[in-house]
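Novice: Structure incoming, see below.
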Amino acid sequence: MSAQHSAEPNDEPNDEPNSSAFIFALADAAATGELGHRLASVLLPGDLVILEGDLGAGKTTLTQGMGAGLGVRGPITSPTFVVARHHRNLHGGPSLVHVDVYRVGSFGEVDDLDLDDETAVTVVEWGAGVVDHLSDSYLHVLLKVDHGDLGEQRTAVVTGVGQGWERLRSLSL
Ligand SMILES: Nc1ncnc2c1ncn2[C@@H]1O[C@H](COP(=O)(O)OP(=O)(O)OP(=O)(O)O)[C@@H](O)[C@H]1O
Ligand SMILES: [Mg+2]
């Protein structure tokens with residue numbers, strides 16, 4: 003994984019939520035996991051992480067890296083039949099709630115999931131446009147797969163939405 007470029011964090015006082023975006027090139031699956039591991043180092047209990055990306059873009063792989071970084075009990079797998087899985091922390095840190103809303107049909111069903119666990123980091127695959135309303139502040143990770151002349155290129159765009167994401171700056175170090 004290499005940090006290709008980091009946009010200047012937006013510190014201007016305005017009506018928009020504070021946001022800062024960081025872009026990472028992901029050469030292989032291990033790099034996706036490594037980014038997850040790195041993100042875990044800035045995550046706090048109560049954080050919501052929304053993962054966006056096409057089928058097979060690496061959402062579960064990123065979550066596995068986050069789980070490893072947080073030190074939660076595994077295995078983290080694609081929650082095909084279970085919408086949400088709770089992974090307890092083995093070291094006293096936040097647990098990980100891993101959610102896949104791909105098959106969730108309505109906002110009512112999302113609210114039924116009670117995803118506001120203040121003791122856990124909650125990671126939601128396919129969460130963009132589905133769980134954003136649950137929190138004013140969340141981490142958005144867009145996993146992109148581009149097919150160009152050089153073959154497949156994968157990147158992650160990590161954006162802190164709302165307050166409290168100044169801590170992302172340590173990612174670019
Ligand atoms: N940066 C990468 N380069 C190449 N392969 C990758 C990369 N990241 C993940 N993969 C691979 O892509 C495949 C799909 O990954 P993964 O299951 O994490 O995707 P997903 O977005 O969770 O899929 P789904 O949409 O089905 O939930 C896996 O075989 C994984 O190892
Ligand atoms: Mg998945």
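In our numbering, the protein residues as written are 3 to 175. For glycine and all other residues, C-beta sits at the position ideal for the given N, C-alpha and C.
1. May I have a chain-ordered list of the beta strand (DSSP E) segments no shorter than 3 residues that lie completely inside the segment 119-173?
2. Quick check on the burial criterion: 16 or more other C-beta atoms within 10 angstroms. Buried or exposed for GLY58?
3. Checking the sheet assignment: what are the DSSP bridge partners for GLY55?
4. Which residue wins for smallest C-alpha separation from ASP30, given the options HIS142, THR157, ARG75?
5. Cutting at 7 Å between CB atoms, please list the residues of its own chain near ASP118, excluding the five before and the five after it.
6. Roughly how many whole angstroms lie between the Cα atoms of LEU173 and PHE83?
7. Any idea what DSSP makes of VAL106, helix, strand or coil?
8. Using a threshold of 7 Å, is the CB atom of ALA70 nearer than that to any non-hydrogen atom of ligand 1?
9. Count the C-beta pairs between the segment 140-155 and the segment 45-53 that are closer than 8 Å, then say yes if the count reaches three, no if not.
10. Can you check whether the CB of HIS88 is closer than 8 Å to the CB of VAL125?
11. Do ALA86 and LEU64 count as a contact pair if the criterion is CB distance below 8 Å?
12. Determine the contact status of VAL74 and ARG169, defining contact as a CB-CB distance below 8 Å.
Specialist: Based on what the coordinates show:
1. 122-127, 140-150, 153-163
2. By one-based count along the sequence shown, residue 58 stands at place 56. Counting Cβ neighbours within 10 Å, GLY58 comes out exposed, since fewer than 16 surround it.
3. Within the sequence shown, residue 55 is the residue found at index 53, counting from 1. Bridge partners of GLY55: LEU145.
4. Here residue 30 corresponds to residue number 28 of the sequence shown, with the count starting at 1. Measuring from the Cα of ASP30, the nearest candidate turns out to be THR157.
5. For this step, residue 118 is matched to residue 116 along the sequence shown. Same-chain partners within the cutoff: LEU136.
6. Reading the sequence shown from its first residue, position 171 is the one you call residue 173. Reading the sequence shown from its first residue, position 81 is the one you call residue 83. LEU173 and PHE83: Cα-Cα distance of roughly 34 Å.
7. Here residue 106 corresponds to residue number 104 of the sequence shown, with the count starting at 1. Reduced to three states, the DSSP call for VAL106 is coil.
8. Along the sequence shown, read from residue 1 onward, the residue named residue 70 stands at position 68. No, the beta carbon of ALA70 sits no closer than 7 Å to any heavy atom of ligand 1.
9. yes
10. The count along the sequence shown starts at 1 and reaches residue 125 at position 123. The count along the sequence shown starts at 1 and reaches residue 88 at position 86. No.
11. Reading the sequence shown from its first residue, position 62 is the one you call residue 64. Reading the sequence shown from its first residue, position 84 is the one you call residue 86. It is not a contact, given that the beta carbons lie outside the stated cut-off.
12. Taking the first residue of the sequence shown as 1, we reach residue 74 at position 72. Taking the first residue of the sequence shown as 1, we reach residue 169 at position 167. Not closer than 8 Å, so no.
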